[in-house]
Amino acid sequence: MSGFICQNCEKKVSTDNFIGTAFRNHCPFCLWSKHLGQGKTIDKVRPCQSMMEPIGLTFKQEGFDKFTKEAKQGEIMIVNQCLGCGAVTINRIAADDDPKAILKLLRRSFAPLRMTPDIKVLDEKDEKEVKRQLFGII
Ligand SMILES: [Zn+2]
Ligand SMILES: [Zn+2]
């Protein structure tokens with residue numbers, strides 16, 4: 001069995017064959033991630049490897065509806081920000097992510113985001129759609 005210990009909540013995370021997830025890049029319990037991209041300031045060659053805090057949710061950008069011209073609602077994505085270098089990444093949620101943790105994050109994401117001017121972070125208005133996607137209720 002392959003996996004890793006989450007460096008935030010210290011739970012064991014399995015990386016075996018997740019349904020719908022080719023590869024796991026965040027902890028399903030606390031939604032923290034690890035920055036494996038290159039840091040902006042620390043080191044330009046090696047991966048940053050700092051922890052990435054979940055700071056909000058967004059919907060995947062699917063473009064605009066041809067007929068209504070409204071932005072199409074894509075799947076829920078988690079916005080993580082690196083504590084080391086400040087980089088922001090957007091990650092797909094996985095089938096086994098804790099829905100309660102995701103909802104908690106939705107409620108958290110009202111606080112203005114640091115350095116994410118181009119990401120539309122979800123708020124209360126979006127709770128219905130988030131719940132629909134997570135639990136299948138309308
Ligand atoms: Zn964790
Ligand atoms: Zn980083």
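Residue 1 is where the sequence shown starts when you use UniProt numbering, and the numbers rise one by one after that.
Glycine is no exception: its CB is placed at the ideal position from the N, C-alpha and C atoms.
Could you please give the first and the last residue of the uninterrupted alpha helix (DSSP H) stretch that includes residue i?
i, result
"P47", "Note, P47: premise wrong, no alpha helix (DSSP H); not H, not E."
"R24", "Element bounds for R24: n/a, residue is neither H nor E."
"A71", "Run containing A71: none in the alpha helix (DSSP H); it sits in the beta strand (DSSP E), A71 to C82."
"F135", "E127 to F135"
"K104", "P99 to R108"
Thinking just about the alpha-carbon of each residue, which of the options is nearest to the one in residue i?
i, options, result
"V130", "N25, C30 and L106", "L106"
"H35", "D65, M52 and D96", "M52"
"E10", "R108, K125, R24 and W32", "W32"
Look at the alpha carbon of residue i and the alpha carbon of residue j, and state the distance between them as a whole number of angstroms.
i, j, result
"K60", "K120", "10 angstroms"
"G84", "F67", "43 angstroms"
"A87", "Q81", "6 angstroms"
"K12", "D65", "41 angstroms"
"residue 140", "D118", "Residue 140 is absent from the structure shown; the chain starts at 1 and stops at 138."
"A71", "R132", "18 angstroms"
"P28", "I76", "14 angstroms"
"S2", "K69", "45 angstroms"
"G136", "P99", "12 angstroms"
"R108", "D126", "13 angstroms"
Is any heavy atom in ligand 2 found nearer than 7 angstroms to the beta carbon of residue i?
i, result
"G33", "The sequence given here has Ser at residue 33, not Gly. No, the Cβ of S33 stays beyond 7 angstroms of every heavy atom of ligand 2."
"A101", "no"
"G3", "no"
"C48", "yes"
"residue 139", "Because the chain in this structure spans residues 1 to 138, residue 139 falls outside the shown range and cannot be described."
"A87", "yes"
Indicate whether at least one CB of chain C lies closer than 8 angstroms to the CB of residue i.
i, result
"Q133", "Among the chains of the structure shown, chain C does not appear; only one protein chain is present."
Report whether the distance from the Cβ of residue i to the nearest heavy atom of ligand 1 is below 7 angstroms.
i, result
"N8", "yes"
"C27", "yes"
Taking the beta strand (DSSP E) that residue i falls in, what are its first and last residues?
i, result
"G3", "G3 to I5"
"T15", "Looking at the DSSP string, T15 is not in any beta strand (DSSP E), and its letter there is neither H nor E."
"N91", "V88 to R92"
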